[in-house]
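Q: The opening position of the first sequence corresponds to residue -8 in my numbering, with each subsequent residue numbered one higher. I have a structure I would like to understand better, so I am pasting it below and will then ask my questions one at a time.
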Amino acid sequence: MTSSTFSDRLLAWYDQHGRKDLPWQQNASAYHIWLSEVMLQQTQVATVIPYYQRFIEKFPHIDALADAQVDDVLSLWSGLGYYARGRNLHKAAIQMQQQHNSQVPEDFQSLLRLPGIGRSTAGAIMALAFHQRFPILDGNVKRVLARYDAINIWPGEKHVETAMWQRVEELLPSTRIANYIQAQMDLGATLCTRSRPDCQRCPLITDCQAYASGDPTLFPVRKTKKQQPVRQTNWYIYIHQDNHILLEQRPQSGIWGGLWSFPEAAAQVADNILPVKNAVFQSSMPEIKHVFSHFKLTIHPHIFTADPINIVAENNQHIWVKIDKALTLGLPAPVKQLIEFLSSTERML
DNA sequence: AAAGCGGGGTT
DNA sequence: AACCCAGCTTT
C-alpha cells in the first residue's frame, strides 16, 4: 500500500490543527510577513505578538518605516533582543524604498541582498507572501527533519546542514506552498517540540525514524559540548619526621571553599615563595585529573621533606597535622585520596 | 547553568 | 570557509 506523502500529511494536519489566526496572517501583505519573520528570528510567537502589533500601528507600511529615525524603530524593538535586527530592518526598508519602489522585492536574490534577510527568511517570504516554491530551514524545521530522518550528527555541521537544505527542497509540495511552510513551522512549534513532543498526534508518526528508534527527544543530537577548559595546579606535600603534613585552609568562597588542601601554586614557582623554606624535594607523584562542572583540573603533586626548624609557624591558614588525623578534616576528594595514599605508604617515606 | 536560535561580522 | 557574537527563553 502507498501511504500519502510527507507534504500531504502535513497539509492535512495543518488544515485541522495549524495556526491561522496569527496577527501577520490577517490581510497579510509582504511587508507584514517580512516584519513578522524578522521578529520571529530567535524569538517565540507569544513574545513577538505585542511587539508586532505596536510596530505595524506606528509603521503601517514600508515608507513609514523607511522615513522613521532609527532610534524610533529601536525604541519599539526594545525588549525583543538582537537589536541588529531592528537596525537592519530599518536599513532594508530604506533600500526597498530606494531600489524596489517601496515594495518587498519579489525575487529570492533581491531579498537575500537586503540586510537581515538570509536564506531561510528569504525562503519564508517567497513562500508565504508570494506563493513560490521555496523551502525554509529554521530551528523548528531542523528539529522536525532531524527526527523524521533520525539524523545522528549535530545539524550545525556544515555538511549536515547542506544535506538538510537538499532534503527540505525535495520534500516541498507542488501546490499550497504557503500553507505547507506554515504547517512546518506550526508542527515544530506546537507538537514536535524540543523536550515533550506529542507524537501520538503527529501526522508523521508512521514513518518518523526517531519515533521508531524509541526516544525522539534524542534528536536533534546536541552539539558536542566544547571541551571544558583545563587548568593545571601544583600541590606541595610537605612531610616532616613524625609523619606530619602541612595543610592550608582554602578561602571560604570559590572552589572547595573552607576545605583543607595542600599549599598550591598554579605553575612551578621559586622555592622562596613556598610556605616552607629549605624543604627537600623527594619526588613528584602521578598527576590527578579532577572534573568540575565548568573546568577540568590537572593536579601535579610534589612531595618534600621538611626540617622542623624551617617550618613556618602555624596560623589560621596553615596547620601541621599527623597524617591519620588529617583524614578527619574536611578535605576535597583528591586531597583525601592523596592523604589516604600517604597513610598507606608511611613507612616508605 | 546551559543550550538554542538566523544572520552578520571577523579571521 | 570557519568561527564568534548577540539577548532573551526554555529547560
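Idealized CB from N, CA, C, for every residue including glycine.
Quick check: what's the CA-CA separation for G248 versus G321?
A: 10 Å
Q: Whole angstroms is fine: what's the gap from K281's alpha carbon to I246's?
A: Looking at the sequence itself, residue 281 is His, so the reference to Lys does not match. Our two residues, H281 and I246, have alpha carbons roughly 12 Å apart in a direct line.
Q: Helix, strand or coil, according to DSSP, for R110 in the structure here?
A: The three-state secondary structure of R110, taken from DSSP, is helix.
Q: I need the DSSP call for A270, collapsed to helix, strand or coil.
A: coil
Q: Using the Cβ count rule (16 or more neighbours within 10 Å means buried), how would you classify S111?
A: buried
Q: What does a CB cutoff of less than 6 Å around Q157 pick up in its chain, not counting 5 residues either side in sequence?
A: none
Q: Comparing C-alpha positions only, which one of V159, V312, A137 and I172 sits nearest to T184?
A: Among V159, V312, A137 and I172, the Cα nearest to that of T184 is on A137.
Q: Taking Cβ positions, are V366 and I127 nearer each other than 8 Å?
A: Outside the shown range of the chain, which is -8 to 340, sits residue 366, and nothing can be said about it.
Q: Label K214 either buried or exposed according to how many other C-beta atoms from any shown protein chain fall within 10 Å of its C-beta, with 16 as the threshold for buried.
A: exposed
Q: Is the closest heavy atom of the ligand GTP to the C-beta of L237 under 7 Å?
A: What this structure holds is no ligand at all, so the ligand GTP is not there to describe.
Q: According to the Cβ coordinates, are I310 and I330 closer than 8 Å?
A: no
Q: Output the distance between the C-alpha atoms of E255 and T336, rounded to the nearest integer angstrom.
A: 22 Å
Q: Hey, could you find the ends of the beta strand (DSSP E) A293 is sitting in?
A: Checking the sequence, you will find His at residue 293 rather than Ala. That run of the beta strand (DSSP E) goes K287 to T296.
Q: Among the candidates R10, H8 and I40, whose CA atom is the shortest distance from the CA of H23?
A: I40
Q: Following the continuous alpha helix (DSSP H) through E91, name the residue where it begins and the one where it ends.
A: Glu is not the amino acid found at residue 91; the sequence shown has His there. Segment: none, H91 is in no alpha helix (DSSP H) and carries neither H nor E.
Q: Any idea which residues DSSP pairs W226 with across the strands?
A: E255 and P292
Q: Find the nearest neighbour of E239 within the set D233, Q308, A37 and T208, judged by alpha-carbon distance.
A: Q308
Q: What does DSSP give as the partner residues of L136 in its beta bridges?
A: Per DSSP, none; premise fails for L136.
Q: Could you spell out the range, first to last residue, of the alpha helix (DSSP H) harbouring L162?
A: K149 to L162
Q: Compute the Euclidean distance between the alpha carbons of A261 and H291, then round it to the nearest angstrom.
A: Only weak support is given to the placement of A261: the predicted model assigns it a pLDDT of 45, under 50, and the question is left unresolved by the model.
Q: Mapping the DSSP letters down to three states, classify P327 as helix, strand or coil.
A: Reading off the sequence, residue 327 comes out as Lys, not Pro. Residue state, collapsed to three classes: helix.
Q: Report the option in S186, D177 and A3 whose CA atom is closest to the CA atom of P164.
A: A3
Q: Report the three-state DSSP secondary structure of Q35 (helix, strand or coil).
A: Reduced to three states, the DSSP call for Q35 is coil.
Q: Can you name, in chain order, every residue of its own chain whose Cβ lies under 7 Å from the Cβ of Q86, other than the five neighbours on each side?
A: Around Q86: L105.
Q: Is the CB-CB distance between W15 and Y43 below 8 Å?
A: yes
Q: Check whether the Cβ atoms of A113 and F99 lie closer than 8 Å to each other.
A: yes
Q: Could you give the DSSP three-state label for W145: helix, strand or coil?
A: coil
Q: Any chance the segment 129 to 149 sits against the segment 197 to 211, with 3 or more Cβ pairs inside 8 Å?
A: yes
Q: What is the DSSP secondary structure of L320, reduced to helix, strand or coil?
A: Three-state result, L320: coil.
Q: Can you give me the C-alpha to C-alpha distance between T181 and K327, rounded to a whole angstrom?
A: If you take the alpha carbons of T181 and K327, they lie about 51 Å apart.
Q: Kindly give me the distance between the Cβ atoms of A83 and G109, rounded to whole angstroms, as I take these residues to be in contact under 8 Å.
A: That pair is no contact at about 12 Å.
Q: With a CB to CB cut of under 7 Å and the five nearest residues on each side skipped, what residues in its chain are close to P323?
A: W247, L250 and S252
Q: Along the chain, where does the beta strand (DSSP E) that runs through I236 open and close?
A: First-last of the beta strand (DSSP E) with I236: H235 to Q240.
Q: If you draw a straight line from the alpha carbon of W145 to that of M155, how long is it in whole angstroms?
A: 11 Å
Q: Apply the 10 Å Cβ neighbour rule to D62 and answer buried if 16 or more other Cβ atoms are within range, or exposed otherwise.
A: In this structure D62 is exposed. Its beta-carbon is surrounded by fewer than 16 other beta-carbon atoms within 10 angstroms.
Q: Write down the C-beta distance between I47 and A118 rounded to the nearest angstrom, noting that I regard them as a contact closer than 8 Å.
A: With a contact defined as Cβ atoms closer than 8 Å, I47 and A118 miss out at about 21 Å.
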